[in-house]
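*Asks:* Sharing a structure below in structure tokens format, with a few things to ask.
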Amino acid sequence: MPLTKNAQVTAVSAAIGLALALVAVAAAGPWESGQRTAERVAARPKATHSSAGTPRGTAEASPAPLAADVLAPATGSPTVPAPTRAGLAETLVPIVKASSGLGKVFTAAVVDAATGRLVYGLGAGTGAVPASTTKIATATAALSLLGPDHTFTTTVVAATGARRITLVGGGDPTLTARAEAGGGYDAASLRELADDTARALLQKGWTRVALGYDASLYKGSALHSIGHNDNLAPVTALMADEGRLDSTSYKGPAGRSWDPARSAAATFAELLETRGITVTGEVSSRKASGALLAEVQSPPLSELVERMLTNSDNDIAEALARQSAVAAGKRASFYGGAAAIEGALEGLGLDVTGARFNDGSGLDKLDRVTAGQLAGLLSLAGSTSHPELRSIITGLPVAAFSGSLSTRFVSDTGRAGAGLVRAKTGTLTGVNALAGTVVDADGRLLTFAFLTSGTTDPTAAAAALDRLAAAVSQCGCQ
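This is the structure we're talking about:
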């Protein structure tokens, strides 16, 4: 049925939605931090991700509950009937026709999560520009190839017979040189790596060393096709704080270093100096060799995926694409990452006809994904047969509440979906997208993807997509 225009009903719906979001997010983890991440940090002594293997300060801590109790029945209520194609069309088609904000090209798919069946489609098999909804595919590939518990390690090695050490990047996009990671996130610390390195050097009697850095894990051009840009640092296996030049910035656009690996190594040299180690000569790039001195590990991949999806983090996305390439035995470049993503989706049984990947972030306008593929991936991520993909669901922003949806679903046309819709946004010039999950009025879990291009008013386009998702949340559509 169409969305009600009764303001009281809409307000009540929004209030209930936000209440549901509060309950869900409290169990799944806090908002603005990749859902679960910050709650884990707040509930335990500060972890250090040191070379000792087990994070220091966590021995007595009990693990925070995961999101399984909230999201496990990922199929909603399979005992209630799924919406029909005719019912959904009756609700959605008038909105599409009345929405002037939608661009020249609009495609859509709504999938019943319990069965994986397409229950509404409009050009659902046609490739469209996905923008940042590409990150759903990137997350799927990384989680399926590496596993949710995988971590990325940054190491320091000492050359044999020479007082020379090398900082080796393992591709951790969240490594921080700050005293505290921004936004309440947990992260491997370059300061702690310097602590452990200085301690190991002093035990060897070394107080003066030459320092090099090795970022050779990734291959090919570090610059995205969009060039040097505030939305993405040059992609390198060694960086601190995503190469951000603003010491207070931890998400969104910001000035970036032209050479994040060298910048990270220079910062590491400064940290060693304050710990009693003199760094001699110029910090330079070189291939690492020698014995391990110290290491730090990133948070698990599941937490990186949540952070990436909640905040639409391009740096994490490109790192996960290249790490997927490494795991798939491909060259860790933009091309290799794109090939690894496509291969991983095929490996999960997804028909990739119409899809084309050029990056992991969705910044490339030549990327193509179909609405049906995005909705299908989300259905897969919510299924009990693929628990390794769970963090894709828990990482989706909550409408009007968290991440890139914190200011969405607040107008009259979208407010009914507040707290009920969880979705990844996508925005480029002339392109808007929204893909996520929603429980309909009958309690049935649905996944959806709405993609539009050729838009001229991004605010109007976003409002139209919000209205469509909100309509699905209010619809039994039998």
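By the count of this note's numbering, the sequence shown reaches residue 505 at its end, each step adding exactly one. Cβ atoms here follow ideal geometry from the backbone N, Cα and C, with glycine treated the same way.
If the criterion is Cβ atoms closer than 9 Å, does the pair Ser248 and Gly270 meet it?
*Replies:* It is not a contact, given that the beta carbons lie outside the stated cut-off.
*Asks:* Classify Gln505 as buried or exposed, calling it buried when 16 or more other Cβ atoms lie within 10 Å of its own Cβ.
*Replies:* When all chains shown are included, Gln505 counts as exposed.
*Asks:* Quick one: what's got a C-beta closer than 7 Å to Thr456's C-beta in the same chain, skipping five residues either side?
*Replies:* Closer than 7 Å at the Cβ level, and outside the excluded window around Thr456, lies no residue.
*Asks:* By alpha-carbon positions, which one of Val466, Thr305 and Gly211 ends up nearest to Val236?
*Replies:* The candidate whose alpha carbon is nearest that of Val236 is Thr305.
*Asks:* Could you compute how far the alpha carbon of Gly308 sits from the alpha carbon of Ser325?
*Replies:* Roughly 30 Å between the two C-alpha positions.
*Asks:* Would you be able to state if there are at least three C-beta pairs under 8 Å between the segment 191 to 199 and the segment 173 to 180?
*Replies:* Output reads yes: the segment 191 to 199 touches the segment 173 to 180.
*Asks:* Do you know offhand how far Lys278's Cα is from Ile419's?
*Replies:* Roughly 19 Å separates the two Cα atoms.
*Asks:* What is the residue span of the alpha helix (DSSP H) that Gln230 lies within?
*Replies:* Looking at the DSSP string, the run of the alpha helix (DSSP H) that includes Gln230 is Leu217 to Lys231.
*Asks:* Please tell me whether Leu506 and Leu328 are closer than 9 Å, where the distance is taken between their beta carbons.
*Replies:* As shown, the chain starts at 28 and ends at 505. That puts residue 506 outside it, with no answer to give.
*Asks:* Within its chain, find whatever has a CB closer than 7 Å to the CB of Ala359; leave out the 5 residues flanking it on each side and keep chain order.
*Replies:* Same-chain partners within the cutoff: Leu244, Tyr245, Lys246, Arg349, Ala352 and Val353.
*Asks:* With burial defined as no fewer than 16 other Cβ atoms inside 10 Å of the residue's Cβ, what is the status of Thr187: buried or exposed?
*Replies:* Label assigned to Thr187: exposed.
*Asks:* Taking one C-beta from the segment 457 to 471 and one from the segment 432 to 449 each time, how about it: are there three or more such pairs within less than 8 Å?
*Replies:* Short answer: they touch.
*Asks:* Measure the CB-CB distance between Ala291 and Leu202 and report whether it falls below 9 Å.
*Replies:* Contact flag set, yes.
*Asks:* Ends of the beta strand (DSSP E) at Ile192?
*Replies:* Looking at the DSSP string, the run of the beta strand (DSSP E) that includes Ile192 is Arg191 to Val195.
*Asks:* Rounded to whole angstroms, what is the Cα-Cα separation between Pro485 and Gly128?
*Replies:* Pro485 and Gly128: Cα-Cα distance of roughly 8 Å.
*Asks:* Could you give the distance in angstroms between the alpha-carbon of Arg226 and the alpha-carbon of Leu320?
*Replies:* If you take the alpha carbons of Arg226 and Leu320, they lie about 9 Å apart.
*Asks:* For the segment 236 to 307, which segments carrying the alpha helix (DSSP H) assignment without a break, of at least 4 residues, lie completely within its bounds, in sequence order?
*Replies:* Fully enclosed alpha helix (DSSP H) runs of 4 or longer: 287 to 300.
*Asks:* Over the uninterrupted alpha helix (DSSP H) stretch that includes Val120, give me the two end residues.
*Replies:* Residues Arg112 to Ala125.
*Asks:* Assuming contact is defined by CB atoms lying nearer than 9 Å, are Ala398 and Phe477 in contact in what I supplied?
*Replies:* For Ala398 and Phe477, yes; Cβs fall inside 9 Å.
*Asks:* Who are the Cβ neighbours of Ala490 in its own chain at under 7 Å, not counting the five residues just before and after it?
*Replies:* Cβ within range, chain order: Gly128, Ser438, Thr440 and Gly441.
*Asks:* Can you give me the start and stop residues for the beta strand (DSSP E) that Glu415 sits inside?
*Replies:* That residue, Glu415, is in no beta strand (DSSP E); it is neither H nor E in DSSP.
*Asks:* Suppose the cutoff is 6 Å on Cβ atoms and the five residues either side in sequence are ignored; what does the same chain contact list for Ala264 look like?
*Replies:* Same-chain partners within the cutoff: Gly196, Gly198, Ala242, Leu244 and Tyr245.
*Asks:* From this set, Leu250, Thr275 and Tyr240, which residue's C-alpha is nearest Asp342's C-alpha?
*Replies:* For Asp342, the nearest C-alpha among the options comes from Leu250.
*Asks:* Between which two residues does the alpha helix (DSSP H) harbouring Phe361 extend?
*Replies:* Taken as a continuous stretch (DSSP letters only), the alpha helix (DSSP H) holding Phe361 covers Phe361 to Gly374.
*Asks:* Measure the beta-carbon distance from Ala260 to Pro287 and round it to whole angstroms, keeping in mind my assumption that it falls under 8 Å.
*Replies:* Rounded, the Cβ-Cβ distance is 5 Å, consistent with contact.
*Asks:* Got a sec, what are the start and stop residues for the beta strand (DSSP E) Arg494 sits in?
*Replies:* Counting along the chain, Arg494 falls outside any beta strand (DSSP E), though it belongs to the alpha helix (DSSP H) covering Pro485 to Ser500.
*Asks:* Tell me the DSSP secondary structure of Asn385 in three-state form.
*Replies:* Coil at Asn385, not helix or strand.
*Asks:* Tell me the DSSP secondary structure of Thr161 in three-state form.
*Replies:* Residue state, collapsed to three classes: helix.
*Asks:* Give every residue of the same chain whose Cβ lies closer than 6 Å to the Cβ of Ser252, excluding the five residues on either side of it in the sequence, and list them in chain order.
*Replies:* Cβ within range, chain order: Asp391.
*Asks:* Going by other Cβ atoms of all chains shown within 10 Å of its Cβ, with 16 needed for buried, is Leu393 buried or exposed?
*Replies:* Classification for Leu393: exposed.
*Asks:* Here's the rule I'm using: 16 or more other beta-carbon atoms within 10 Å means buried, otherwise exposed. How should Val184 be labelled?
*Replies:* Buried, since its Cβ has 16 or more Cβ neighbours within 10 Å.
*Asks:* Leaving aside the five residues before and after Gly444 along the sequence, list all residues of the same chain whose C-beta is less than 6 Å from its C-beta, in chain order.
*Replies:* The answer, listed in chain order, is Ala426, Phe436, Ala496, Ala497 and Ser500.
*Asks:* Give me the Cβ distance between Leu423 and Arg449, rounded to the nearest whole Å; I'm assuming they're in contact under 8 Å.
*Replies:* Indeed, because the Cβ distance is near 4 Å, the residues count as touching under 8 Å.
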